[in-house]
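Chemist: Heads up, the sequence shown is in UniProt numbering, so the first residue is 1 and it goes up one at a time. Positions of the beta carbon are idealized from the N, C-alpha and C atoms, including for glycine.
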Amino acid sequence: MNTKNDDIALYAGGLEQKQSKPFPLSRLILYHFLIPTAIIITAVNFFLGDSYKSSPQDRLEQALSSNEFEEASLIYQKLLKDDFSSINLHRDYLRNQSLINDFSHDNTAYSDTVNTYFKYATSKDPLEADIGNYAIGYLYSLNGKYWDSLIYYSRVNDRQMPFLNNSIGYCLLQLGERKDAMSYFYKEIEADGNIAGACMNLVEILYEDKNFELLERLISNPRTSPHISIRLKRITHIEQQQPLKYLAALFNYSHVLPAGLAASILVLAVWFFYLRKLDVFEPEKYRYMLLMLAGGMICAEFCTFFYDITNYSLGFNIGRGMFNDLLYCIFAIGLIEEAVKIIPFLIMLRYSKEINEPVDYLIYASVSALGFAFVENLLYFNESGLASITGRAFTAVLLHMSMSTFAVYGLLYTKYFRKNNRPVFWLSLSFSAAVLVHGLYDFWLIANVEEQYRLFSIIILIAATWKFSTIIKNSLSISAFNLEEKNRVLHLTRYLAYSLMAIILMQYVLIAVQHGALKANINMLQGISAFYFLLFVLIMTMGNIQLKPNKTHDSQEMEIKTTSLE
């Protein structure tokens with residue numbers, strides 16, 4: 001070894017011969033955050049900046065996303081001049097008007113809008129007359145005047161007009177005429193009009209009536225099947241006793257986008273190699289870690305099966321009051337997810353000898369959770385969910401790993417501090433704690449609570465992250481393979497800074513590719529404070545792992561005689 005360089009690394013993961021100086025915060029911010037961000041943003045705006053030369057449709061989308069409904073109204077009027085025959089465009093314009101004007105009163109704005117379309121309705125031009133009558137009927141429908149709507153819908157001469165039959169069916173449904181409404185929804189589908197809307201209305205009726213035979217026909221129809229949710233397909237296959245079709249729906253990945261898959265792989269890789277870098281004394285074989293990863297992915301799919309049992313068969317759902325929602329988050333989410341994530345770990349523990357030091361418990365449990373989170377991310381990272389990539393990478397994925405670590409901690413504690421005394425008791429205790437914390441985290445996120453209370457989920461996440469890193473640090477320090485005589489620091493700050501920053505920038509690039517640089521810039525500005533706050537928290541809690549020498553090490557007995565991990 002070159003004695004002139006006392007800082008030669010002992011391990012590629014960052015365990016150094018001498019404790020190095022902390023990476024200066026100013027340099028970290030400059031080199032790891034600001035410069036890469038500036039380069040990527042500049043490149044994206046240079047190559048994908050055409051979105052600034054936006055079309056009217058782009059400006060319309062921007063106005064609607066910013067709740068600038070008056071601006072949107074002007075853009076709609078310009079679009080209608082170019083494409084007056086578009087029924088869908090008229091509907092969107094009228095819906096936008098309903099957000100500006102109070103249609104529940106006969107005010108001036110309401111009258112002006114109706115009068116505009118009355119002129120069309122009395123036109124000698126058949127197209128203008130049909131659009132005018134349909135639009136007036138739609139305006140009345142927005143105002144809840146369904147009988148008046150039906151009168152004007154009946155005056156439309158083109159009975160195959162897109163949206164017409166679905167709109168008639170909707171009014172009849174609101175008036176309690178379910179059978180007649182269904183016939184019009186079927187007409188809309190046959191006319192190849194608003195299939196998505198008609199299918200949604202039909203599905204609602206059939207599901208309420210438990211008419212799974214007709215639902216099965218819709219699922220089998222190539223035109224309507226894409227508009228039926230995967231969950232409803234699974235429920236229908238359960239009711240129709242079609243196990244093979246149920247499994248096909250269970251393992252259906254047709255919704256996965258290439259961009260979502262790429263993002264999911266990056267998030268998985270970042271945390272997988274972070275866990276790999278933690279195992280400094282007796283690194284695990286890749287094949288076992290990958291096997292555990294695959295196990296977590298497979299078990300994630302069967303988690304959906306338990307959701308179906310809970311939600312449909314048992315009728316246990318969220319949205320039925322605070323106490324119900326709390327129980328749901330704990331038992332229908334926390335319990336199910338922690339149970340399926342721990343299965344691959346328990347199999348590995350029972351049938352292999354790879355888990356042979358304290359940190360192995362935490363690493364394998366976390367890898368299983370990472371596989372679970374990968375499958376979950378595939379569901380979330382769809383076209384409308386690309387903006388959630390960073391949020392899930394920094395929160396949900398880390399929470400899954402932390403909770404799995406907490407769940408198996410009882411087994412670790414039993415083996416190394418209780419001489420395998422009462423393992424079931426200690427596992428039950430740690431597993432229950434993980435379920436409870438997981439449930440509380442989800443409760444403040446998804447239950448019907450005030451927005452400010454969602455801060456509790458962030459507090460839980462930060463506390464879980466800190467505890468996760470503490471347990472890892474102490475597990476490494478008492479490893480039987482720890483032969484060090486001095487305190488060491490496992491430096492992972494640079495790795496986290498680069499890799500987590502890569503996730504932020506990948507989200508930015510994917511949104512730019514899908515929707516243009518303008519939307520990517522807006523998304524970055526909206527989330528930048530939260531992104532960098534979470535990034536700072538993760539680096540501070542998990543960037544440097546302090547290691548202490550294991551003074552009680554016995555190479556023959558491989559026994560740890562310390563009294564506590566805490």
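Under three-state DSSP, which class holds Leu547?
Modeler: In the sequence shown, residue 547 corresponds to position 547, counting from 1. Of the three classes helix, strand and coil, the one that applies to Leu547 here is strand, per DSSP.
Chemist: Quick check: what's the CA-CA separation for Glu376 versus Tyr152?
Modeler: Against the sequence shown, residue 376 aligns to sequence position 376. Against the sequence shown, residue 152 aligns to sequence position 152. Whole-angstrom Cα-Cα distance: 47 Å.
Chemist: Would Tyr117 and Gly132 qualify as a contact pair, given that the criterion is a beta-carbon distance under 8 Å?
Modeler: Translated into the one-based positions of the sequence shown, residue 117 becomes position 117. Translated into the one-based positions of the sequence shown, residue 132 becomes position 132. Yes, these two residues count as a Cβ contact at 8 Å.
Chemist: I need the boundaries of the beta strand (DSSP E) containing Val489, first residue and last residue.
Modeler: Position 489 of the sequence shown, counting from 1, holds the residue named residue 489. Its beta strand (DSSP E) spans residues 488 to 491.
Chemist: Can you look up Ile446 in the DSSP assignment and give me helix, strand or coil?
Modeler: Here residue 446 refers to the residue found at position 446 when the sequence shown is read from its first residue. The answer is helix: DSSP assigns Ile446 an H, G or I state.
Chemist: Please look up how many angstroms separate the CB atoms of Met501 and Phe33, rounded, as I've assumed it's under 8 Å.
Modeler: Position 501 of the sequence shown, counting from 1, holds the residue named residue 501. Position 33 of the sequence shown, counting from 1, holds the residue named residue 33. Right, their Cβ atoms sit about 6 Å apart.
Chemist: List, from N- to C-terminal side, the alpha helix (DSSP H) runs of 4 residues or more that fit wholly inside the stretch 160 to 227.
Modeler: Listed in chain order, they are 164 to 174, 178 to 190, 195 to 208, 212 to 220.
Chemist: For my contact list, His237 and Asn382 are in at a C-beta cut-off of 8 Å; report their separation, rounded to the angstrom.
Modeler: Working through the sequence shown from its first residue, we reach residue 237 at position 237. Working through the sequence shown from its first residue, we reach residue 382 at position 382. Contact doesn't hold; Cβ gap of about 22 Å is too wide.
Chemist: Would you kindly work out how many angstroms separate the C-alpha atoms of Ile298 and Ala387, rounded to a whole number?
Modeler: Residue numbering aside, residue 298 sits at position 298 when the sequence shown is read from its first letter. Residue numbering aside, residue 387 sits at position 387 when the sequence shown is read from its first letter. If you take the alpha carbons of Ile298 and Ala387, they lie about 26 Å apart.
Chemist: With DSSP collapsed to three states, give me the class of Leu278.
Modeler: Here the question's residue 278 lines up with position 278 in the sequence shown. If DSSP states are grouped into helix, strand and coil, Leu278 belongs with the helices.
Chemist: Which of helix, strand or coil does DSSP assign to residue 574?
Modeler: There is simply no residue 574 to check, as the chain begins at 1 and stops at 566 in what is shown.
Chemist: So for Ala72, helix, strand or coil by DSSP?
Modeler: Within the sequence shown, numbered from 1, the residue matching residue 72 stands at position 72. If DSSP states are grouped into helix, strand and coil, Ala72 belongs with the helices.
Chemist: Quick one: using the 10 Å Cβ neighbour count with 16 as the cut-off for buried, is Asn166 buried or exposed?
Modeler: Your numbering for residue 166 matches position 166 in the sequence shown. With 16 or more other Cβ atoms within 10 Å, it is buried.
Chemist: Assuming residue 607 and Leu436 are in contact, meaning their beta carbons sit under 8 Å apart, how far apart are those beta carbons, in whole angstroms?
Modeler: A query on residue 607 cannot be resolved here, the shown segment of the chain reaching from 1 to 566 and no further.
Chemist: Taking the alpha helix (DSSP H) that Tyr361 belongs to, which residues open and close that run?
Modeler: Stepping through the sequence shown from its first residue, residue 361 is reached at position 361. Note, Tyr361: alpha helix (DSSP H), 358 to 380.
Chemist: Please identify the residue among Phe531, Leu164, Leu440 whose C-alpha is closest to the C-alpha of Tyr138.
Modeler: On the sequence shown, position 138 is the one that residue 138 refers to. Out of Phe531, Leu164, Leu440, Leu164 has the C-alpha closest to the C-alpha of Tyr138.
Chemist: Quick check on Asn115: does DSSP put it in helix, strand or coil?
Modeler: What you label residue 115 is simply residue 115 of the sequence shown in a count that begins at 1. DSSP places Asn115 in helix when its eight states are reduced to three.
Chemist: If contacts are defined as beta-carbon pairs under 8 Å, then Asp541 and Thr465 qualify, I think. What distance do you get, rounded to the angstrom?
Modeler: If you number the sequence shown from 1, residue 541 lands on position 541. If you number the sequence shown from 1, residue 465 lands on position 465. Per the sequence shown, the amino acid found at residue 541 is Thr instead of Asp. Between Thr465 and Thr541 the Cβ distance is about 5 Å, and since that is below 8 Å, they are a contact.
Chemist: I'd like the list of long-range same chain contacts for Ser469, defined as Cβ closer than 8 Å, with 5 residues on each side in sequence excluded.
Modeler: As a first step, residue 469 is located in the sequence shown; it is residue number 469 there, counting from the start. Same-chain partners within the cutoff: Thr541, Met542, Ile545.
Chemist: Taking the alpha-carbon of Tyr288 as reference, which of Ile219, Tyr361, Arg392 has the nearest alpha-carbon?
Modeler: Indexing the sequence shown from 1 puts residue 288 at position 288. It is Tyr361 whose Cα lies nearest to the Cα of Tyr288.
Chemist: Quick test of your reading: residue 580 and Phe394, contact by CB under 8 Å. State the CB separation rounded to the nearest angstrom.
Modeler: The structure shown does not extend to residue 580, since the chain spans only 1 to 566, so no value can be given for it.
Chemist: Hey, is the stretch 36 to 43 in contact with the stretch 497 to 514, meaning 3+ C-beta pairs nearer than 8 Å?
Modeler: Result yes; three or more Cβ-Cβ pairs closer than 8 Å.
Chemist: Using alpha carbons as the reference points, say which of Met401, Leu476, Ile522, Gly315 lies closest to Leu461.
Modeler: Counting from one through the sequence shown, the residue named residue 461 turns up at place 461. With distances taken between Cα atoms, Leu461 lies closest to Met401.
Chemist: Count the CB pairs spanning the stretch 264 to 277 and the stretch 334 to 349 that are closer than 8 Å, and state whether there are at least three.
Modeler: Contact fails: fewer than three Cβ-Cβ distances are below 8 Å.
Chemist: If you reduce the DSSP assignment to three classes, tell me which class Ser86 lands in.
Modeler: As a position in the sequence shown, residue 86 is number 86, starting the count at 1. Ser86: coil per DSSP, three-state reduction.
Chemist: Which value, in whole angstroms, describes the spacing of the CA atoms of Tyr246 and Lys233?
Modeler: Counting from 1 along the sequence shown, the entry for residue 246 is found at position 246. Counting from 1 along the sequence shown, the entry for residue 233 is found at position 233. Approximately 8 Å between the Cα atoms of the pair.
Chemist: Are at least three pairs of beta-carbons, each pair with one atom in the stretch 432 to 447 and one in the stretch 312 to 328, less than 8 Å apart?
Modeler: The answer is yes - the stretch 312 to 328 touches the stretch 432 to 447, with three or more Cβ pairs under 8 Å.
Chemist: Using 10 angstroms around the beta-carbon of Phe531, count the other beta-carbons present and answer buried if the total reaches 16, otherwise exposed.
Modeler: For the purposes of this step, residue 531 is taken as the residue at position 531 of the sequence shown. Buried: at least 16 other Cβ atoms inside 10 Å.
Chemist: To the nearest angstrom, how far is the alpha carbon of Tyr186 from that of Ala198?
Modeler: Counted from its first residue, the sequence shown places residue 186 at position 186. Counted from its first residue, the sequence shown places residue 198 at position 198. Using only the alpha carbons, I get a separation of about 7 Å.
Chemist: Going straight from the alpha carbon of Leu455 to that of Ile87, what length do you get?
Modeler: Walking along the sequence shown from the start, residue 455 turns up at place 455. Walking along the sequence shown from the start, residue 87 turns up at place 87. Computed Cα separation, rounded: 44 Å.
Chemist: If we ignore side chains and look at the alpha-carbon of each, how far apart do Gly169 and Asn221 end up?
Modeler: Walking along the sequence shown from the start, residue 169 turns up at place 169. Walking along the sequence shown from the start, residue 221 turns up at place 221. Taking the straight line from one Cα to the other gives about 20 Å.
Chemist: Consult DSSP for Ile265 and reduce its assignment to one of helix, strand or coil.
Modeler: Taking the first residue of the sequence shown as position 1, residue 265 is located at position 265. Reduced to three states, the DSSP call for Ile265 is helix.
Chemist: Any idea if Ile528 is buried or exposed, counting beta-carbon neighbours within 10 angstroms, 16 or more meaning buried?
Modeler: Here residue 528 refers to the residue found at position 528 when the sequence shown is read from its first residue. Classification of Ile528: exposed, given that the 10 Å Cβ count is below 16.
Chemist: Return the first residue and the last residue of the alpha helix (DSSP H) that Glu338 is part of.
Modeler: Along the sequence shown, one-based indexing puts residue 338 at 338. Taken as a continuous stretch (DSSP letters only), the alpha helix (DSSP H) holding Glu338 covers 336 to 351.
Chemist: Thinking just about the alpha-carbon of each residue, which of Leu412, Pro56, Phe481, Asn448 is nearest to the one in Asn317?
Modeler: Position 317 of the sequence shown holds residue 317. Measuring from the Cα of Asn317, the nearest candidate turns out to be Asn448.
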